[in-house]
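A.B. asks: Below is a structure I'd like to ask you about.
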Amino acid sequence: MTSPATLFAVSVVAGFVGAMSGMGGGVVLVPTLTFLGLDIKHAIALSIVSVIATSSGSASAYVRDRITNLKVGMFLEMFTILGALAGAAITLVSGQRYLLIAFGVVLLASWVSMFVRHREVWRPVAHQDALSRWLELSGSYHDPAIGEEIHYRATRAWLGGPLMFVAGLIAGLLGIGAGALKVLIHDLVMGLPPKVSTTTSNLIIGVTALAGTSVYLAAGLIDPGLTAPVILGIVLGAFLGTRVLVRLSNEAVRRLFLVVLGVLGIEMLVRGVLSP
Amino acid sequence: MEALLGKVLLLGVLASLAMTIAGLVWQAIAPEHGEFERTVAGVNLYQFILESVRALAAGELRPSLMIDLGITIMLLTPYARVLASMVYFAFVDRNPKYTVFTGFVLGVLTYSLFLR
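Each protein sequence line maps, in turn, to chains A and B.
To convert, count from 1 in the first sequence and add 1; that's the numbering used here.
Counting along the second sequence from 1, when you hit position 4 you're at 2 in the numbering used here, and nothing is skipped either side.
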């Protein structure tokens, strides 16, 4: 069994690389823990608890700054928690092999979406559909970069909700935050401004991870002795990684993200396919 | 409201980290306090908390108990955030729609964490 010191060290590195590339610790943590010989279901369970820690820590600052949209968050959380419960339940009954392959596929899919993505300039939603209006999905925040109050409206809640169920399912299934997918849904489907979509996704991730954790806790996969060093390591690593992130150029971050995702994705996929 | 939710999240994370660090350091200094790796076999959060509080009441403060409490606080942090949001939507914003939505999220979390 892996020693607490090793777990701590690995988690610091995972949190650091995760935060620096902007994709969260779970995506790096799960492959590394399985590489150290930990069973993938235990790795996923450990990872999802650490996701609660990093998400709640950073969400506290964003919520206070009033960038996060609480209504959008609460509405979408109804879908993500159900997805996470379903995802975690599927993990419990799945074989190791399928989980490794699923993890590899999700990483490589993120790689592709990152590779082809061209950041478009955000444009306010012109027409808000009736459901989104009924749900009061609009808001405003102060953007210090341009010194203006930005007003926005979200749209297509009827599609965003069910898609967030899928994002929650992936999060619960693989023990990750699935933040990249959530941000993509906020941006492309619901038309939220980038800052609102990132911070609101962060808020949703914590509650979604908690729903997944409840399933793993009930299944006896969460070992407090192993969870403690992982949580501390991830939080410390994420804290350091964020410090470095602000000094790097967007292009450098993107390249790092692509390399890490590509290597881990191929590694997981190959191990899944080759495993008995 | 935002300030309150931000405080709930921050305090939860900080309290949890402090307890966990204290537990781990204590464990490292005094390893005679017992085994490090324990599995919590199939308990829900309610049983987990009840056991921890009972041990605490019995004066059995050990490193592993500190760690358990730290993790419990971590798990309860997003839960407390949802609870605070529901109180806000129900009594401050007086928004029946969002009180129901938040109540649904809280209900599902309560069911999965405490009742199963």
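In this text, a Cβ means the ideal position worked out from N, Cα and C, and glycines have one as well.
#1: Just mark P277(A) as buried or exposed, buried being the case when its beta carbon has 16 or more other beta carbons within 10 Å.
#2: Is A87(A) close to chain B? Criterion is C-beta to C-beta, closer than 9 Å.
#3: Would you say G226(A) reaches chain B, if we count a Cβ-Cβ gap shorter than 9 Å as a contact?
#4: Check E252(A) in the structure and name its three-state DSSP category.
#5: Answer with yes or no whether the minimum CB distance from V85(B) to chain A is below 9 Å.
#6: Tell me the DSSP secondary structure of R79(B) in three-state form.
#7: Short check: CB of G26(A) to CB of V52(A), under 9 Å?
#8: Would you kindly check if the distance between the Cβ of I235(A) and the Cβ of T55(A) is under 9 Å?
#9: Give the single residue among L77(A), G84(A), M115(A), L71(A) whose Cα lies nearest to the Cα of E252(A).
#10: Taking the CB atoms as reference points, tell me whether S133(A) and M191(A) lie closer together than 9 Å.
#11: By the three-class DSSP mapping on this structure, what secondary structure does H43(A) have?
#12: Would you decide whether H128(A) is buried or exposed? Buried here means 16 or more other CB atoms lie within 10 Å of its CB.
#13: Quick check on this structure: which residue in I177(A), G38(A), E150(A), G213(A) has the alpha carbon closest to the alpha carbon of R67(A)?
#14: If contacts are defined as beta-carbon pairs under 8 Å, then I49(A) and T214(A) qualify, I think. What distance do you get, rounded to the angstrom?
#15: Work out the CA separation of L175(A) and A146(A) for me, nearest whole Å.
#16: Looking only at DSSP bridge pairs, what is I151(A) linked to?
#17: Between the Cα of N42(B) and those of L74(B), A13(B), M64(B), spot the shortest distance and give me the residue it belongs to.
#18: Comparing alpha-carbon positions, which option in L86(A), L34(A), Y142(A) lies nearest P195(A)?
#19: Is G68(B) closer than 9 Å to I19(B) when the C-beta atoms are compared?
#20: Would you kindly work out how many angstroms separate the C-alpha atoms of Q45(B) and L111(B), rounded to a whole number?
#21: Under DSSP, the alpha helix (DSSP H) around N203(A) begins and ends at which residues?
#22: Figure out for me which residue from V247(A), E137(A), I41(A) has the closest Cα to the Cα of V94(A).
#23: Report back the beta-carbon spacing between S12(A) and L30(A) to the nearest angstrom; my notes put them in contact at under 8 Å.
#24: With 9 Å as the threshold, decide whether the Cβ of R52(B) is near any Cβ in chain A.
#25: Please decide whether I69(B) counts as near chain A, where near means a Cβ-Cβ distance under 9 Å.
#26: For chain B, check one thing: does any of its Cβ atoms lie closer than 9 Å to the Cβ of F104(A)?
#27: Check each candidate in V264(A), G148(A), G242(A), V271(A) and name the one with the smallest Cα separation from V18(A).
#28: Could you tell me if E78(A) is buried or exposed, where buried requires 16 or more neighbouring beta carbons within 10 angstroms of its beta carbon?
#29: Under 8 Å between beta-carbons, which chain A residues line up against A1(B)? List them in chain order, please.
#30: Listed from N- to C-terminal order along the chain, which residues in the stretch 74 to 106 of chain B have their beta-carbon within a distance smaller than 7 Å of any beta-carbon of chain A?
#31: Relative to the alpha-carbon of S117(A), which residue among R157(A), R255(A), V247(A), V208(A) has its alpha-carbon at the smallest distance?
#32: Taking only the alpha-carbon atoms, compute the straight-line gap between V260(A) and G266(A) and give it to the nearest angstrom.
#33: Taking C-beta pairs closer than 8 Å, name the residues in chain A that I19(B) reaches, listed in chain order.
C.D. replies: Let's see:
#1: Taking the first sequence and counting its residues from 1, one reaches residue 277(A) at position 276. Exposed, since its Cβ has fewer than 16 Cβ neighbours within 10 Å.
#2: In the first sequence, counting from the first residue as 1, residue 87(A) sits at position 86. No, no contact with chain B.
#3: In the first sequence, residue 226(A) corresponds to position 225, counting from 1. So yes, G226(A) belongs to the interface.
#4: Here residue 252(A) refers to the residue found at position 251 of the first sequence. E252(A): helix per DSSP, three-state reduction.
#5: For this step, residue 85(B) is matched to residue 87 along the second sequence. Closer than 9 Å: no.
#6: What you label residue 79(B) is simply residue 81 of the second sequence in a count that begins at 1. In this structure, R79(B) counts as helix in the three-state DSSP scheme.
#7: Against the first sequence, residue 26(A) aligns to sequence position 25. Against the first sequence, residue 52(A) aligns to sequence position 51. Yes, the pair counts as a contact, with Cβ atoms nearer than the cut-off.
#8: Translated into the one-based positions of the first sequence, residue 55(A) becomes position 54. Translated into the one-based positions of the first sequence, residue 235(A) becomes position 234. T55(A) is a Cβ neighbour of I235(A), given a cutoff of 9 Å.
#9: For the purposes of this step, residue 252(A) is taken as residue 251 along the first sequence, with counting starting at 1. The candidate whose alpha carbon is nearest that of E252(A) is M115(A).
#10: What you label residue 133(A) is simply residue 132 of the first sequence in a count that begins at 1. What you label residue 191(A) is simply residue 190 of the first sequence in a count that begins at 1. Contact: yes.
#11: The residue given as residue 43(A) occupies position 42 in the first sequence. Correct three-state label for H43(A): helix.
#12: For this step, residue 128(A) is matched to residue 127 along the first sequence. Exposed is the call here.
#13: As a first step, residue 67(A) is located in the first sequence; it is residue number 66 there, counting from the start. The residue from I177(A), G38(A), E150(A), G213(A) with its alpha-carbon nearest to that of R67(A) is E150(A).
#14: Position 48 of the first sequence, counted from the start, is the residue given in the question as residue 49(A). Position 213 of the first sequence, counted from the start, is the residue given in the question as residue 214(A). Going by Cβ atoms, the distance from I49(A) to T214(A) rounds to 5 Å, so yes, they are a contact pair.
#15: Position 145 of the first sequence, counted from the first residue, corresponds to residue 146(A). Position 174 of the first sequence, counted from the first residue, corresponds to residue 175(A). When rounded, the distance between both Cα atoms is 36 Å.
#16: Locating residue 151(A) in the first sequence gives position 150, counting from the first residue. Paired residues: Y142(A).
#17: On the second sequence, residue 42(B) is found 44 positions in, with the first residue counted as 1. The shortest C-alpha separation from N42(B) is found at L74(B).
#18: Along the first sequence, read from residue 1 onward, the residue named residue 195(A) stands at position 194. Distances from the alpha-carbon of P195(A) to those of L86(A), L34(A), Y142(A) put Y142(A) closest.
#19: Counted from its first residue, the second sequence places residue 19(B) at position 21. Counted from its first residue, the second sequence places residue 68(B) at position 70. A contact, by the Cβ cut-off of 9 Å.
#20: Taking the second sequence and counting its residues from 1, one reaches residue 45(B) at position 47. Taking the second sequence and counting its residues from 1, one reaches residue 111(B) at position 113. Near 10 Å, if we compare the C-alpha coordinates of L111(B) and Q45(B).
#21: Taking the first residue of the first sequence as 1, we reach residue 203(A) at position 202. Run containing N203(A): 195 to 219, per the alpha helix (DSSP H) assignment.
#22: By one-based count along the first sequence, residue 94(A) stands at place 93. With distances taken between Cα atoms, V94(A) lies closest to I41(A).
#23: As a first step, residue 12(A) must be located in the first sequence, where it is residue number 11. As a first step, residue 30(A) must be located in the first sequence, where it is residue number 29. So it is a contact: roughly 6 Å between Cβ atoms.
#24: Residue 52(B) sits at position 54 when you count from the first residue of the second sequence. So, not an interface residue.
#25: Locating residue 69(B) in the second sequence gives position 71, counting from the first residue. For I69(B), the answer is yes, since a Cβ of chain A falls inside 9 Å of its Cβ.
#26: The residue labelled residue 104(A) in the question sits at position 103 within the first sequence. For F104(A), the answer is no, since every Cβ of chain B falls outside 9 Å of its Cβ.
#27: Within the first sequence, numbered from 1, the residue matching residue 18(A) stands at position 17. Minimum Cα distance to V18(A) is reached at G242(A).
#28: In the first sequence, residue 78(A) corresponds to position 77, counting from 1. It is buried - the Cβ of E78(A) has at least 16 other Cβ atoms within 10 Å.
#29: Indexing the second sequence from 1 puts residue 1(B) at position 3. Going along chain A in sequence order, the residues near A1(B) (Cβ under 8 Å) are R65.
#30: T75, P76, Y77, V80, S83, Y96, F99, T100, F102, V103, V106
#31: Taking the first residue of the first sequence as position 1, residue 117(A) is located at position 116. In the sequence on display, residue 117(A) carries Val and not Ser. Looking at the Cα atoms, R255(A) is the closest of the given residues.
#32: Here residue 260(A) refers to the residue found at position 259 of the first sequence. Here residue 266(A) refers to the residue found at position 265 of the first sequence. Rounded to the nearest angstrom, the two C-alpha atoms are 10 Å apart.
#33: For this step, residue 19(B) is matched to residue 21 along the second sequence. Near I19(B) (Cβ distances below 8 Å), the residues of chain A are L233.
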